[in-house]
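Everything on this sheet refers to the single structure shown next.
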Amino acid sequence: MNAHPLRRVPLVRWPITPCRRASSKVPRDQIPISKKKQPLGNTQNGPSELKRTVKPKRREVPPKTQSSQTEDPSSETKEKKSKHGIPPTALAFMGITALAISTYSSYLYVSYKREVKKSQALVVSNDVSDRYNKTASTFDADVEISEKFMQLGSKRNDLIRHARGNVLEVSCGTGRNLPYYLLGERRGVNEFHHHLEVNGCRSITFTDLSPQMVAITKQKFESMYPDFTRVSYQCVDAGTVTPPPAGPGDPPRYFDTIVQTMGLCSMPDPVATLRHLGSITEPKNGHILLLEHGRSRWDWVNGILDNLAPAHADRHGCWWNRDIGAITFGSS
Numbered sequence: 001m002n003a004h005p006l007r008r009v010p011l012v013r014w015p016i017t018p019c020r021r022a023s024s025k026v027p028r029d030q031i032p033i034s035k036k037k038q039p040l041g042n043t044q045n046g047p048s049e050l051k052r053t054v055k056p057k058r059r060e061v062p063p064k065t066q067s068s069q070t071e072d073p074s075s076e077t078k079e080k081k082s083k084h085g086i087p088p089t090a091l092a093f094m095g096i097t098a099l100a101i102s103t104y105s106s107y108l109y110v111s112y113k114r115e116v117k118k119s120q121a122l123v124v125s126n127d128v129s130d131r132y133n134k135t136a137s138t139f140d141a142d143v144e145i146s147e148k149f150m151q152l153g154s155k156r157n158d159l160i161r162h163a164r165g166n167v168l169e170v171s172c173g174t175g176r177n178l179p180y181y182l183l184g185e186r187r188g189v190n191e192f193h194h195h196l197e198v199n200g201c202r203s204i205t206f207t208d209l210s211p212q213m214v215a216i217t218k219q220k221f222e223s224m225y226p227d228f229t230r231v232s233y234q235c236v237d238a239g240t241v242t243p244p245p246a247g248p249g250d251p252p253r254y255f256d257t258i259v260q261t262m263g264l265c266s267m268p269d270p271v272a273t274l275r276h277l278g279s280i281t282e283p284k285n286g287h288i289l290l291l292e293h294g295r296s297r298w299d300w301v302n303g304i305l306d307n308l309a310p311a312h313a314d315r316h317g318c319w320w321n322r323d324i325g326a327i328t329f330g331s332s
């Protein structure tokens, strides 16, 4: 057997061209585009290689279906608000408010119609002053809220501060004017004639047709002004009250100021009463101070007052639909 001698065979370095295998193919949309191209060719260490960075595949999230989609309450509210411009909560509140107002208005209308029928069936005389004998003990509590609502306290103060000299208050009631009297004479300026005069009350006479009312006024006055003694109380009709009698040879006496608040509505003949009060007022500088309530300037209000006047007079002793302007002009 012949043995072949070993010999060295030189190996030729062939350039290797890289190729992609089918199994390692990268999707076209996931291949990053290199900003700088790498040149192909031989380098010092050998043939160049193709270098590519393969971006890992992103996890694809399946699209949300209607069943799996979670709704955002704030976005839903915004969508609803964009349709009509009003939030649903405001719409619900407006609806409830409108329902409450309509229900209450219907209740008032039905109650008003029922009270009108009862009122028109009553026969009430013009003289309703005897009702105050029953309501004297609760009168202050009954009118407290309404007088505060109408700010009658400030109106009483504006009126009573003009009282001066010998003062007569008719229909004094429970003495609701007592806190506003300026007792004791002092010099000041007359607001009507703008000259110096004596202001303040020299004496006060309280009269009312209800003895219960007069008793309450007396109790209040003695508690508020225990040191003032020039005061008297009379249970008498305002149409017959007279000043204190004059002494022998003295001129007739008059009242310098006559006060009446909320009294014309209870008198059977208010025109005749005012004429009588004018006859006992000091002719030159005397004043009659009135604070009254009555008919309105609006016809629809007068309609309500007229329909309910008999019931109100029978219950509270007050004809609230009297024309105060016509009464005062008729008495002059």
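Letter by letter, the sequence shown follows residues 1 to 332 of the UniProt record's numbering.
Built from N, CA and C at the ideal position, the CB exists for glycine as well.
Bear in mind that the values here come from a model prediction, so they are computed numbers and not experimental data.
Distance check between residue 186 and each of 253, 131, 129 and 165 places 165 closest, using alpha-carbon atoms only.
With a cutoff of 8 Å on beta-carbon distance, residue 240 and residue 258 are scored as not near each other. Residue 142 places its beta carbon less than 8 Å from that of residue 135.
Of all alpha-carbon atoms in 311, 326 and 256, the one lying nearest the alpha-carbon of residue 284 is that of 256. The beta carbon of residue 310 sits closer than 6 Å to the beta carbons of 119, 122 and 124 from its chain, once the five residues preceding and following it are set aside; these are given in chain order. Beta bridge pairing from DSSP links residue 231 with 204. Of the candidates 158, 115, 269 and 302, 158 places its Cα closest to the Cα of residue 289. Residue 330: not part of any beta strand (DSSP E); member of the alpha helix (DSSP H) spanning 324-331, first to last residue. Assignment of alpha helix (DSSP H) within the stretch 247-305, counting only whole runs of 4 or more residues, yields 270-279 in chain order. Rounded to the nearest whole angstrom, the C-alpha separation of residue 131 and residue 277 is 23 Å.
The beta strand (DSSP E) runs of length 3 or more contained entirely in the stretch 106-179 are, from start to end of the chain, 164-169. Beta-bridge partners of residue 186 (DSSP): 199. Comparing alpha carbon positions, the residue from 279, 110, 261 and 88 closest to residue 318 is 261. Annotation for residue 196: 187, 188, 189 and 190 place their beta carbon closer than 8 Å to its own, counting only its chain and skipping 5 residues before and after. Counting only the Cα atoms, residue 146 lies some 26 Å from residue 97. Shown here, residue 88 sits in a helix according to DSSP, grouped into three states.
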